[in-house]
Amino acid sequence: MKIVNEIDDSSSEHVNDSVSIIASEKHTKSSCTAKIIIGPLPSKRMRKGGSNESPEHYPLSDSELTTAEVTPAALSISPIYQQVWEELQHRSEILRQQVFQKEMELRELHLKRFLASLHGDKC
1 MKIVNEIDDS
11 SSEHVNDSVS
21 IIASEKHTKS
31 SCTAKIIIGP
41 LPSKRMRKGG
51 SNESPEHYPL
61 SDSELTTAEV
71 TPAALSISPI
81 YQQVWEELQH
91 RSEILRQQVF
101 QKEMELRELH
111 LKRFLASLHG
121 DKC
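Letter by letter, the sequence shown follows residues 1 to 123 in the UniProt record's numbering.
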């Protein structure tokens, strides 16, 4: 039994690293080889975001982040997002109240029409 590391460079953008175990068994008149692929290994290029795969598959720990990737400018965006989120929440609440008001007006209108139709039938 031997363990091999294969790299498939069939395309320049996609690198397929995998660890395989190849086991050979001798039979009386023929030999049989089984190949078991344990799983893909991310290349350094893929972990650094060089491929088209989404980065959440290979998250970097805090110790792997460089100081260039965590800057005060990137962190200063956070209050802006907070402000936008609060504004959206405020507008959502206003819209919910308006929808509720319109639903109540519509129910009132339907009730008036129903009552008018009842009075019309009695006359």
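Just so you know, even glycine gets a beta-carbon here, dropped at the ideal spot from N, CA and C.
Check: Roughly how many whole angstroms lie between the Cα atoms of VAL84 and SER117?
Finding: 49 Å
Checklist line | Straight-line Cα distance separating GLU105 from LEU111 | finding: 10 Å
Note to self: Tell me the rounded alpha-carbon separation between LEU88 and HIS119.
What the structure shows: 46 Å
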